[in-house]
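Residue numbers (the working numbering): 972 to 1342. Glycine residues also receive a C-beta, built at the ideal position from the N, C-alpha and C atoms. Bear in mind the structure is a predicted one, so any value in this text is a computation, not a measurement. Worksheet: the structure to be examined is printed underneath.
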Ligand SMILES: [Zn+2]
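So, in structure tokens, the structure goes:
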């Protein structure tokens, strides 16, 4: 059974505590005159209460405040709803009752009562600022230009989306995600099997392939990550590798060669082709085919039923159209397979539709030839 409680007023203190390894934000209230507590609990005037916010709620509150240019010290009227909990240690809850916040409202136009003391703030400064996404992105871009895209700790070049802003003294610096999380840069190892595959693909000796791999990470930029893998992009046009996917322990999972495509001529679906990577799982029956840029008449492109059944995102089409209009070309090229019975589109359907809607007669495509 849960007991629902509410309060309204100005907290006397806001503290940051740790509960089960997670941060919680405790709002302490004293003699909250509108607290409705269940029968049998101490008299309203005698109690103090602690309301616990989780991290998400905390940032929601900061965001709400930042929208109207207010800060935590302006929290004159906060309306809180929550469930009473009994299982919290005294070190976290200093109130007579402890409440897990379910919902809250901030009343923006309330004013501070004349005799109320300032709110005691015991919060790690790094949790006090809320960057709204737009502001954060524009700041990250600004810092990215300022630091030439380099992480201020390890020096790795990165895409700005793979970096995080950190307050360093009074300055903001930009760190790669790895340094931000205190994780080391992986030292890569490619197994013999993968090196062999890469060597064959790049038409290099084993030794030269190893040399190409050894350029990592100097000539690569960190462009993204997930829990399991890190993705690096090589900007140098002379590097035969375009993308490299490395697992957290430094094992090379896959590479995407520049200007080549991985092509499986079996009945397999085209995900592997579009995905354009070599992975261990797919090594067996795949082969590498050179892809070429070529201009193709839009009318000549065959569209499979699979595509025709799809309902493409109008926004995506509009974006492609805008790009065509401004650059006279598309941002990326549709991928076509040349078969005996015609030119078949396998990737870039929205680009195709955009070209059609704009009455463009001929578009540049990647083409691979099926043997
Ligand atoms: Zn770094």
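- Taken atom to atom, the span from the alpha-carbon of residue 1278 to that of residue 990 is near 50 Å.
- Between ligand 1 and residue 1124, a heavy atom-to-CB distance of less than 8 Å is present.
- Residue environment for residue 1070: buried (at least 16 other C-beta atoms within 10 angstroms of its C-beta).
- At least one heavy atom of ligand 1 is found less than 8 Å from the C-beta of residue 1127.
- In the displayed model, residue 1278 falls within a helix according to three-state DSSP.
- Not one heavy atom of ligand 1 falls within 8 Å of the beta-carbon of residue 1114.
- Per DSSP, the continuous beta strand (DSSP E) segment holding residue 1336 begins and ends at 1333-1340.
- Secondary structure of residue 1142 (DSSP, three-state): strand.
- By the Cβ neighbour-count rule, residue 1339 is buried, with 16 or more other Cβ atoms within 10 Å of its own.
- At least one heavy atom of ligand 1 lies closer than 8 Å to the C-beta of residue 1150.
- By the neighbour-count criterion, in which 16 or more other beta carbons inside 10 Å mark a residue as buried, residue 1318 falls on the buried side.
- Under the three-state reduction of DSSP output, residue 1153 falls in the coil class, being neither helix nor strand.
- Assignment of residue 1188 by DSSP, reduced to helix, strand and coil, places it in the coil class.
- If you check the CB distance, residue 985 and residue 1065 do not come in under 9 Å.
- For residue 1203, the uninterrupted beta strand (DSSP E) run begins and ends at 1200-1205, by DSSP.
- In this structure, residue 1335 sits near residue 1304, with a CB-CB distance shorter than 9 Å.
- Of all C-beta pairs linking the segment 1149-1157 to the segment 1216-1225, three or more are shorter than 8 Å, placing the two stretches in contact.
- Nearest in C-alpha terms to residue 1188, of all of 1292, 1203, 1171, is 1203.
- Secondary structure at residue 1216: strand, using DSSP grouped into helix, strand and coil.
- The residue among 1149, 1030, 1206, 1171 with its C-alpha nearest the C-alpha of residue 1200 is 1149.
- Around the beta carbon of residue 997, 16 or more other beta carbons lie within 10 angstroms, which makes this residue buried.
- Checking the DSSP bridge columns, you'll see residue 1019 partnered with 1001.
- In this structure, the beta-carbon distance from residue 1291 to residue 1321 falls below 9 Å.
- In the three-state DSSP reduction, residue 1096 falls in the helix class (H, G or I).
- Ranking 1184, 1263, 1209, 1190 by CA distance to the CA of residue 1224 puts 1184 first.
- Runs of the beta strand (DSSP E) lying entirely within the segment 1045-1122, each at least 3 residues long, are 1049-1056, 1068-1077, 1091-1093 in chain order.
- Excluding the 5 residues flanking it on each side, residue 1067 has same chain C-beta neighbours closer than 7 Å at 1013, 1018, 1019, 1020, in chain order.
- In this structure, residue 1062 sits near residue 988, with a CB-CB distance shorter than 9 Å.
- Annotation for residue 1190: 1205, 1207, 1210 place their beta carbon closer than 7 Å to its own, counting only its chain and skipping 5 residues before and after.
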